[in-house]
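Sequences listed follow chains A and B, in order. Using the numbering used here, the first residue of the first sequence is number 3, and each one after it goes up by one. Using the numbering used here, the first residue of the second sequence is number 3, and each one after it goes up by one. Report on one structure; see the data block that follows.
2 protein chains.
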Amino acid sequence: MVFLCYVCSMGVTRTEIFTEQQNRIADLAKAFSHPARVAILQLLIARKACVCGDLVDELELAQATVSQHLKELKRIGIIQGEINPPRVCYCINPAVWEEARRAFGSILESFEGVTCCN
Amino acid sequence: MVFLCYVCSMGVTRTEIFTEQQNRIADLAKAFSHPARVAILQLLIARKACVCGDLVDELELAQATVSQHLKELKRIGIIQGEINPPRVCYCINPAVWEEARRAFGSILESFEGVTCCN
DNA sequence: AATACTTATCGCAATATTGCGATATGGTAT
DNA sequence: ATACCATATCGCAATATTGCGATAAGTATT
Numbered sequence: 003m004v005f006l007c008y009v010c011s012m013g014v015t016r017t018e019i020f021t022e023q024q025n026r027i028a029d030l031a032k033a034f035s036h037p038a039r040v041a042i043l044q045l046l047i048a049r050k051a052c053v054c055g056d057l058v059d060e061l062e063l064a065q066a067t068v069s070q071h072l073k074e075l076k077r078i079g080i081i082q083g084e085i086n087p088p089r090v091c092y093c094i095n096p097a098v099w100e101e102a103r104r105a106f107g108s109i110l111e112s113f114e115g116v117t118c119c120n
Numbered sequence: 003m004v005f006l007c008y009v010c011s012m013g014v015t016r017t018e019i020f021t022e023q024q025n026r027i028a029d030l031a032k033a034f035s036h037p038a039r040v041a042i043l044q045l046l047i048a049r050k051a052c053v054c055g056d057l058v059d060e061l062e063l064a065q066a067t068v069s070q071h072l073k074e075l076k077r078i079g080i081i082q083g084e085i086n087p088p089r090v091c092y093c094i095n096p097a098v099w100e101e102a103r104r105a106f107g108s109i110l111e112s113f114e115g116v117t118c119c120n
């Protein structure tokens, strides 16, 4: 007798069983969950001007790799790119940054410091 | 003529080229970068008492899967487990939670809202 | 010792992520 | 048109993550 899993999604995150909020927080956290992306975000903030391919020089990563991290940050929405040929000017998306600030602030402040095991 | 990559680390995050701080932020962000872990953290906060295997009932995930997420959260240090046979009582680690609050607060507040492309 | 209970770990399958060389793309300048 | 420049995308290799059934490990109870 063989039982098949009702929806064979092996190894894939089961987003459908979580709330919108939980999925969004997880997505926003992905922006910060790789040191290269942290570095990119810090650079974009430090030079208020949006360094573009200069990122490739600053980081010791191949251009393709940097481009891919930028793509992921764009997918999340936390940065935006303005085409300014032949360059692309990247910068923080203020609205999504604010969303992240609220989201992380909300969850991080919700812990009052009370635990049972201490 | 063939050039070999000086350190053939294909597909592995190059932590050595980033700062301690950047790597730590990335690691702390991993605690929040999966909806199941967000849900677990929220549950641990909501019931100040540390629900243990109750997490398995609350979440629609197999016990093994929940256990693995707990292990990851423990590795990061943001939760701690107190063995209370036959159960294990999990709760937020206040010190590391505070570290996360500072770390995310620091980077999230460092953006002043100024961008070049808007 | 045997049983019951909870949690951790193993092993596997599948998908996701990371990194990068090579190449394509979209635009300017000559 | 051609050459050039910066960036995006492709394709590959390798590692990491996710999910879960099965099993092991640890302890309390009988």
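Every residue, glycine too, gets a C-beta built ideally from N, C-alpha and C.
Taking the alpha-carbon positions, what's the residue i to residue j distance?
{"i": "Lys76(B)", "j": "Gln70(B)", "result": "10 Å"}
{"i": "Ala66(A)", "j": "Gln82(A)", "result": "18 Å"}
{"i": "Asp29(A)", "j": "Val90(A)", "result": "24 Å"}
{"i": "Glu60(A)", "j": "Thr21(B)", "result": "13 Å"}
{"i": "Phe113(A)", "j": "Pro88(A)", "result": "48 Å"}
{"i": "Cys52(B)", "j": "Phe34(B)", "result": "19 Å"}
{"i": "Val40(A)", "j": "Val68(A)", "result": "12 Å"}
{"i": "Ile85(A)", "j": "Asp56(B)", "result": "51 Å"}
{"i": "Leu43(B)", "j": "Ile94(B)", "result": "7 Å"}
{"i": "Lys73(B)", "j": "Cys118(B)", "result": "42 Å"}
{"i": "Lys32(B)", "j": "Glu62(B)", "result": "21 Å"}
{"i": "Ala102(B)", "j": "Gln24(A)", "result": "18 Å"}
Listing by chain order, which chain B residues have their CB less than 9 Å from the CB of residue i?
{"i": "Arg89(A)", "result": "Per Cβ cutoff of 9 Å: no residues; Arg89(A) is ~11 Å from chain B at best."}
Starting from the beta carbon of residue i, find every residue of chain A whose beta carbon is closer than 7 Å, and list them in chain order.
{"i": "Ile80(B)", "result": "Neighbours of Ile80(B) on chain A: none; closest Cβ ~10 Å, over 7 Å."}
Who are the neighbours of residue i on chain A, taking C-beta pairs under 8 Å?
{"i": "Leu110(B)", "result": "Trp99, Ala102, Arg103, Phe106 and Gly107"}
Could you tell me whether any Cβ in chain A is nearer than 8 Å to the Cβ of residue i?
{"i": "Ser35(B)", "result": "yes"}
{"i": "Gln70(B)", "result": "no"}
{"i": "Cys7(B)", "result": "Here the model assigns Cys7(B) a pLDDT of 49, short of 50, so the residue's position is not dependable, and the following value carries that caveat. Answer no: the Cβ-Cβ gap between Cys7(B) and chain A never drops below 8 Å."}
{"i": "Ala41(B)", "result": "yes"}
Find the residues of chain B that neighbour residue i, judging by a C-beta separation of less than 7 Å, and give them in chain order.
{"i": "Ala31(A)", "result": "Ala31, Phe34 and Ser35"}
{"i": "Gln24(A)", "result": "Pro37, Val40 and Ala41"}
Relative to the C-alpha of residue i, which residue among the options is closest?
{"i": "Ala97(A)", "options": "Leu110(B), Pro96(B), Thr15(B) and Arg104(B)", "result": "Leu110(B)"}
Counting only beta-carbon atoms, is residue i nearer than 8 Å to chain B?
{"i": "Ala28(A)", "result": "yes"}
{"i": "Val4(A)", "result": "Since pLDDT at Val4(A) reaches only 45, below the 50 mark, its modelled position is unreliable, and the value read off the structure follows with that caveat. Taking Cβ atoms only, chain B never reaches closer than 8 Å to Val4(A), which makes this a no."}
{"i": "Cys54(A)", "result": "no"}
{"i": "Gln44(A)", "result": "yes"}
Cβ closer than 8 Å: which chain B residues qualify as neighbours of residue i?
{"i": "Glu62(A)", "result": "Arg16 and Ile19"}
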